[in-house]
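Protein chains in written order, with this note's numbering: chain A, 1 to 291; chain B, 1001 to 1781; chain C, 2001 to 2163.
These notes are about the structure you will find just below.
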Amino acid sequence: MKPAPFRYIAASSLDHALSLKAEYGEEARFLAGGQSLIPAMNFRLARPAVLIDINGLVELGKIDRSGEDIVIGALTRYRTLERADALLNDCPLFADALPHIAHPQIRNRGTIGGNLSHADPASELPAVAVAMGARLRLKSAGKEREVATSDFFVGLLSTDIRPDEMLVEIRFPKRAARSGSCFMEVARRKGDFAIAGVAAIVTLDGEGRCSHVRLALCGVGETPVDGSDAANCLIGLTGSDDGLREAGANLERAITPSGNVHASAEYQRHVAAGLARRALAMAYRRALNAA
Amino acid sequence: MTTRFFGAPVKRNEDRKLLTGQGLFIDDVQLPGMLHVAFLRSQVAHARLRGIDASAALKCPGVVAVYTAADFGAYWQPGPVLVPPPPIAGIVFNPRTQVPLVKDKVRHVGEPIAIVVAENRYLAEDALDEIVVDLEPLPAVVDLEQALQADAATVHDDLGGNVASHVHQAKGDYAGAAAKAALVVKRRFHYEHGISSPIETRGVVAQWNARSEQMTIWDTTQAPVFVRNGLASILGLGERQVRVIAPFVGGGFGPKIMMFYPEEVALPWIAMRLNRPVKWIEDRLEHFFATTHERGQIHDAEIALARDGRILGVKDVFLHDTGAYNPYGLTVPINSQCTLLGPYVIPAYDSTFTAVFTNLPIVTPYRGAGRQHGVFVIERLLDLAAHELGIDPAEIRRRNLIPPVAFPYKNEIIYQDFKPLEYDSGNYEPVLDKALTAIGYHDFIRYEQPKLRAEGRRVGIAVACYVEGTGIGPYEGAKIQVQTNGKVSVATGIGTQGQGHFTSFAQIVADALGVDVTEVDIVTGDTDQFYWGAGTFASRGAVVAGNAVSEAAHAVRKKALKLASDVFECAEDDLVVADGKISITGIPEKFIRLGELAQRANPMRGAVTPGTEPGLESTQYFGPASGSTANGVHATIVEVDPLTFDLKILRYVVVHDCGTVINPLILEGQIHGGVAQGIGNAFYEKLCFDGQGQLMNASLADYLLPTALEVPRMELDHTVTPSPLNSLGIKGAGEAGAIPVGPLIAQAIEDALELKRQKIELLEIPLSPSRLFELIRKAAT
Amino acid sequence: MPPDVHDIELSVNGAAHRRRGVESRMLLSDFLRHELSLAGTHVGCEHGVCGACTVLLDGLPVRSCLMLAVQASGRELTTVEGLASGSELHPIQKAMHEHHGLQCGYCTPGILMTMAAFLKDNPVPSEEEVREALSGNLCRCTGYQNIVDAMLDAARAMRTTAP
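So, in structure tokens, the structure goes:
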């Protein structure tokens, strides 16, 4: 399975990359890690006329923790994220989610920007981004804008990135005090596409009761699903079994997975609910320990 | 004669080459001027071919030629029926075989329609995009029962239906048995085996030398001799004009013995036509369609038993999906039919099958070759009966095992080697006992399981028994020659796909000739090195070729002793063969090296006595009177997650009897690999076709092969009941690991989830977490 | 449209290679095998799942079927041909031989490269950790058990010979 012909250009700078993209528009694709794009090209499902290699833009591969948010450059590889202890401490969802992404050989090349831009519905990081309320910075030649995840993930394998834009960095809020998080996933084999994955963040008030809950899922919709409403029943509670059961039941009713070759829609609903209960319980426990 | 190497866990001779990346696999064959071939394959399962326009493709850069069926002219013909139907009364057999390129009708997704030849594969694939094919889609035949309806579309229009074959075999009187039975259990079973998916796909390289009129073909085939014979005939060449080389092959497992694949037929023709070497390497996407599958059967089976669990009879009616063509005849369903009888005394048996044409890829044997399906049925029937009769599953099996005194045991019905099924030898109960002891069967049920269950863990135990027909004919041969440098070269006609022939055969020779195993050089898979043979299939390599090697080695030994006795002017009994030399017993300084003997055996002066042959060499053949029957027992303890229904195999035990063992290291490796494929088959691998015959999961991301996390540590043991059918006493072992895993896992999951109490039965393979959830959910409504 | 070609320079197993006119779409796996005649790296799927094509890129295991040859320009690659030191096999190769960790040998180079890198970073792995590290490489012949044993053994050997 060999890719169709294309013109390959190694971008020498971000401006160079953006001006190329402005010139070629949808005929051009950015080549970052290539772990999703190149298989698609080998299958000839993707046939860009121009491939703009951005791997040389090292300034896009940095993690900046100096401000109140963590800013992660789009070209940061999963491998770098896995080994950034301070990041994992600030954003524990990453610590849980990253090991589920494929295998080390893929993680040595793949990037967070490539992952979010590709927006595979079963992908873990979009759910993490939704749960954390990440903000995505998109740049084009001469312009830039910031987008919330709710506006970014628009459909199956499609995002709000315009034909002349590149995702350059993602801003994640640092862990709030008295909060805990947990990511869990069900897949057929480790590293496979998620049948359902849940990212949960629980924040507590001074008395150990939930003051804020975030819940996001992957694998159960065409985009990552914000399931926080389902978990709002936990507000004011102390992470009780009843509350968790209700949250799970709410979620099961709220999501509309479509099933796939690996699982029926009912199974997806069932494990999503179960994982939500478990992930919320774990997030709650971690929040208590953090307090 | 020593047995220094035979039976020892000798490390493999071939490893160094493979570990350093120096093994020659098909895509490593590079020839000057070589062109590359890509096939345009149908994207729909069933269609009439109205027209092909390749004009744009011909203009693509680097394209040398584009061919369609029309270009083949008289060369185009359907392939031969490889295995004719066995001599069974009343058989219906409608042979329809695959064609080199689609002419009128597409019958499965992936069927090849056109061929592009170009400077490289990239350019060839570009040209494929430019070929315009006019296909008129037809309704696809996918469901087996629907295929037999009167209004179903027909895969082969001239047949007036989709029946590929219909076979009824029986022994004893089932009706009478059922009438007397204390219990009759009847169920419908669905068993699907998957695809072989070796890590190396198929490939063919063909080179025609127009001056010497010699064709050389490299092919990832398991049967180079048959391929040589068949292609020579198809090409209108003499057998001596064709050389087929099977290099290192990256896994075979059955589908690489299927012949003649369209690519095998096309590449040599193209090589002759263009007078340039040509190469085709199957890519992974093609492999899902272009290489043969095993797939599914639907069984309506019943078992009649006495109150104490003894089987009085079994009746089975099943449908078998043979795919779009049936070149392999009835091998797979006959294996299902025969292997259902298992290691049990089944006095009455009535079995009928209908093989059905579908618009899906061809079905031919894949490791187990249909035995899995039959074993699933009998093992599940026994489990169901055990539950109803209140008998432990291991115990009900024990009560039905063929006793050791009953061998050779006649099962009467006709087997895949065309002879009445007869088990040569066996001692089944100790195998069961060893397995039960190894897994701690009774203690687990009595003590550990209740404790774990009290902790909320869903753990279950299971045991399954099976037999494996192995080592069938027709024959294999081996030529052994002692070289003047003392090394021993051996050639045989079978091919090697990882089974360690380079070592196991060397062990046999090393012992017979008193040389080190590393001094023996084995060539397999080159028809110029050895002319005759059948191939590597049906767990027969070690048995049949191994015995031929043994015969030839002993013949050479005899010659060497005779020659040495002439040299030393002493009796042959006074000689010792060891360490690469022959010496006089007790006088080690009076010796002659084997290499020197070989030299003397080929004099440049003097005479070779009439009636003898020059050299220290011999060619011998071995053809077993019938196949030998190996057997085994698998046992497992599993845990099922109560939320996700995911499976964790906590322990896995295999006790196996394949007679005398040449190399226990290699044997264990075969069992490990078979079990891994069995686990894939039971819980991970599923071909998902839609109603139009499209495969929805044609990639390794979605067709799930088990990884090192899914395959547990396996505990192996064996017993030895030699086969009386060959002098080495060996039986085959290649498929053993794969055969009983389906029913074993089903039994274990049923136990872990206590499904019998909920009246939920697992009557299908493959299972999956989602499928378990669905079955339980359905039962609850 | 004429093919898009580039000149590349890279180091493979310590040897420098320069090639002119490499087409941009040529996969690194094909480049290694057919341009550099280093056929020890095998191709199993070309969609990044089976791991047979695994090589080391600046010491890290990657799928060579998911990289373009042009992307490797200026980089250091290690393939299976670079594991042994002359005739002396790498401990991981020796261990695979001792434990019968290969049958057909097709997946083996990818496994060797993956695990050589893994063992370097994880000198005292548990069996579970070895299995997890192996899980990105598919083998259809061995059932993995002997490979796992070989890796645990190689880890021991590498620890005792480490400086």
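Heads up, the beta-carbon is just placed ideally off N, CA and C, and yes, glycines get one too.
Close-in-space but distant-in-sequence residues of the same chain around residue i (CB under 8 Å, 5 per side omitted)
i: Leu966 (chain B); result: Not covered by the structure: residue 966 (chain B). The range shown for chain B is 1001 to 1781.
i: Ala40 (chain A); result: Ala46
i: Pro1430 (chain B); result: Thr1719
i: Pro2091 (chain C); result: Ala2154, Ala2157, Met2158, Thr2161
i: Tyr2144 (chain C); result: Arg2131, Leu2134
i: Glu2129 (chain C); result: Asn2122
Any chain C beta carbon closer than 8 Å to residue i
i: Gln1214 (chain B); result: no
i: Arg1782 (chain B); result: The requested residue 1782 (chain B) does not occur in the structure, where chain B is confined to residues 1001 to 1781.
i: Val1711 (chain B); result: yes
i: Tyr1466 (chain B); result: no
Alpha-carbon spacing of residue i relative to residue j, whole angstroms
i: Gly1250 (chain B); j: Arg7 (chain A); result: 35 Å
i: Asn1697 (chain B); j: Leu1687 (chain B); result: 7 Å
i: Ala1179 (chain B); j: Val1490 (chain B); result: 59 Å
i: Asn1631 (chain B); j: Gly73 (chain A); result: 60 Å
i: Gln1214 (chain B); j: Arg1243 (chain B); result: 8 Å
i: Arg162 (chain A); j: Gly155 (chain A); result: 14 Å
i: Arg1016 (chain B); j: His2097 (chain C); result: 8 Å
i: Gln1030 (chain B); j: Ala1266 (chain B); result: 19 Å
i: Leu1709 (chain B); j: Thr2114 (chain C); result: 16 Å
i: Phe1189 (chain B); j: Gly1693 (chain B); result: 22 Å
i: Leu1330 (chain B); j: Pro1084 (chain B); result: 8 Å
Interface flag, residue i vs chain B, CB-CB below 8 Å
i: Tyr267 (chain A); result: yes
i: Val2148 (chain C); result: yes
i: Glu2009 (chain C); result: no
i: Ser2135 (chain C); result: yes
i: Leu2060 (chain C); result: no
i: Met2035 (chain C); result: Before going on, a small fix: residue 2035 (chain C) reads as Glu here, not Met. No, no contact with chain B.
i: Gly274 (chain A); result: yes
i: Ser240 (chain A); result: no
i: Arg2020 (chain C); result: no
i: Ala4 (chain A); result: yes
i: Thr2160 (chain C); result: no
Cβ shell of residue i (< 7 Å), same chain only, five flanking positions each side left out
i: Ala290 (chain A); result: Arg178, Ser179, Gly180
i: Ala134 (chain A); result: Thr149, Ile170, Arg171, Phe172
i: Ala287 (chain A); result: Arg178, Ser179, Gly180, Val202, Thr203, Leu204
i: Arg1398 (chain B); result: Glu1429, Leu1432
6 Å Cβ shell around residue i - same chain, five flanking residues per side excluded
i: Lys1648 (chain B); result: Glu1639
i: Arg175 (chain A); result: Asp90
i: Thr1220 (chain B); result: Ile1026, Arg1202, Gly1203, Val1249, Lys1256
Residue i burial status per 10 Å Cβ neighbour count (16 or more: buried)
i: Gly1674 (chain B); result: buried
i: Lys1059 (chain B); result: exposed
i: Gln1499 (chain B); result: buried
i: Pro1343 (chain B); result: buried
i: Ile9 (chain A); result: buried
i: Leu1785 (chain B); result: Since the displayed chain B opens at 1001 and closes at 1781, residue 1785 (chain B) lies outside it and no answer follows.
i: Leu1024 (chain B); result: exposed
Any C-beta of chain A under 8 Å from that of residue i
i: Val2012 (chain C); result: no
i: Leu1285 (chain B); result: yes
i: Ser1504 (chain B); result: no
What residues in the region 2067-2081 of chain C bring their beta carbon closer than 9 Å to a beta carbon of chain A? Met2067, Leu2068, Val2070, Gln2071, Ser2073
According to a CB-to-CB cut-off of less than 8 Å, which residues of the region 2079-2110 of chain C neighbour chain B? Thr2079, Val2080, Glu2081, Leu2083, Ala2084, Leu2089, Gln2093, Met2096, His2097, Glu2098, His2100, Leu2102, Gln2103, Cys2104, Gly2105, Tyr2106, Cys2107, Thr2108, Pro2109
Cβ-based contacts, 9 Å cut-off: residues of the region 2037-2066 of chain C near chain A: Cβ contacts with chain A: Cys2045, Glu2046, His2047, Gly2048, Val2049, Gly2051, Thr2054, Leu2057, Leu2060, Pro2061, Val2062, Arg2063, Cys2065, Leu2066.
What residues in the region 1018-1033 of chain B have a beta carbon less than 9 Å from any beta carbon of chain C? Leu1018, Leu1019, Thr1020, Gly1021, Gln1022, Gly1023, Leu1024, Phe1025, Asp1027, Asp1028, Gln1030
Taking a Cβ distance cut-off of 8 Å, strictly less, list which residues of the region 110-140 of chain A are near chain C, in chain order. Residues passing the 8 Å Cβ filter: none.
Which of the residues in the region 172-198 of chain A, read from start to end, lie with their CB under 9 Å from any CB of chain C? Arg189, Lys190, Gly191
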